[in-house]
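Take any residue in the sequence shown, note its place counting from 1, add 114, and you have its number in my numbering. We put the beta carbon where it would ideally sit given N, CA and C, even for glycine. A short write-up of the structure that comes next.
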Amino acid sequence: MKTASIYKIPNKGYIVFGKSKTVSGFRVASEPYFNISETEANADLIGNAIKASLCNDDNKRIPDPKDWKQSGKDFLKKIGLKTMKELDTHLNKYVTIAEDGLQITFTPSQPAEKPDKGFLHKDKSESVSINYQATNQEIIEALELAFSKCG
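Laid out in structure tokens, this is it:
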């Protein structure tokens, strides 16, 4: 299964990136990375970023990060942010994306309760699925529905 992530950041735009499995079996952010400003955002730009982010090969494993702190810094640089706080704020919306060759599934999330950080997936019944050959407009409509279900 191919996976990616997308954040919707108020007054900034969208951050989209692929996810790859490591040798140990967990997923980490991976190329390509897209930072789409709110003023540039349109169905084709976001839809194409999602499709490109889903071009990872889930059968190919990447090495586990040797230095997690540096890995985090590299990730922030690639997505154009300075701190994880900018990403983990409860004002953002976060959706994971999966594609299995038949469907693209958008799974909404909700902010973790303090003192925890980040986001937690909502129930799978909240997911939105469309045909993997959907148009960019259909992808955006499904994505916006998933965003509307975020906590």
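If we ignore side chains and look at the alpha-carbon of each, how far apart do K126 and D178 end up?
For the purposes of this step, residue 126 is taken as the residue at position 12 of the sequence shown. For the purposes of this step, residue 178 is taken as the residue at position 64 of the sequence shown. Straight-line Cα distance between these residues: approximately 31 Å.
Three or more C-beta pairs below 8 Å linking the region 215-222 and the region 255-265:
A contact is defined here as three or more CB-CB pairs under 8 Å, and the region 215-222 meets this definition with respect to the region 255-265.
By DSSP, does S241 sit in helix, in strand, or in coil?
For the purposes of this step, residue 241 is taken as residue 127 along the sequence shown, with counting starting at 1. Under the three-state reduction of DSSP, S241 is assigned to coil, being neither helix nor strand.
Where do the N-terminal and C-terminal ends of the beta strand (DSSP E) with G215 fall, by residue?
Sequence index remark: in the sequence shown, residue 215 carries index 101 (1-based). Note, G215: premise wrong, no beta strand (DSSP E); not H, not E.
As a quick exercise: from I253, K263, T249 and Q251, pick the residue whose alpha carbon is nearest that of D318.
In the structure as shown, the chain begins at 115 and stops at 265. Residue 318 is therefore absent and cannot be evaluated.
Based on Cα-Cα distance, which residue from T117, T136, Y147 and S185 lies nearest to P174?
Taking the sequence shown and counting its residues from 1, the one referred to as residue 174 is at position 60. For clarity, residue 174 is Lys in the given sequence; the question names Pro instead. Nearest neighbour of K174 by Cα position, chosen from T117, T136, Y147 and S185, turns out to be T136.
Taking the continuous alpha helix (DSSP H) assigned at K187, which residues delimit it?
If you number the sequence shown from 1, residue 187 lands on position 73. Unbroken alpha helix (DSSP H) run through K187: W182 to I193.
Give the range of the beta strand (DSSP E) segment to which G161 is assigned.
For the purposes of this step, residue 161 is identified with residue 47 of the sequence shown, where counting begins at 1. For G161, there is no enclosing beta strand (DSSP E); the residue is found in the alpha helix (DSSP H) stretching over A157 to S167.
Residues in its own chain within less than 7 Å of F233 by CB, not counting five upstream and five downstream?
Along the sequence shown, read from residue 1 onward, the residue named residue 233 stands at position 119. Once the five neighbours on either side are set aside, the close Cβ partners of F233 are Y208, S223, Q224, P225 and A226.
Taking G215 as the reference, which of D172, E252 and T203 has the closest Cα?
Walking along the sequence shown from the start, residue 215 turns up at place 101. Distances from the alpha-carbon of G215 to those of D172, E252 and T203 put D172 closest.
Report buried or exposed for T210, applying the criterion of at least 16 other Cβ atoms within 10 angstroms of its Cβ.
Against the sequence shown, residue 210 aligns to sequence position 96. With 16 or more Cβ atoms within 10 Å of its Cβ, T210 is classed as buried.
Less than 8 Å between the C-beta atoms of N149 and I129, yes or no?
In the sequence shown, the residue the question calls residue 149 occupies position 35. In the sequence shown, the residue the question calls residue 129 occupies position 15. Yes; because the gap between Cβ atoms is below 8 Å, this pair is in contact.
By DSSP, does F140 sit in helix, in strand, or in coil?
Position 26 of the sequence shown holds residue 140. Coil, per DSSP.
Alpha carbon of N156 to alpha carbon of K165, nearest angstrom
On the sequence shown, position 42 is the one that residue 156 refers to. On the sequence shown, position 51 is the one that residue 165 refers to. Between the C-alpha atoms of N156 and K165 there is a straight-line separation of about 14 Å.
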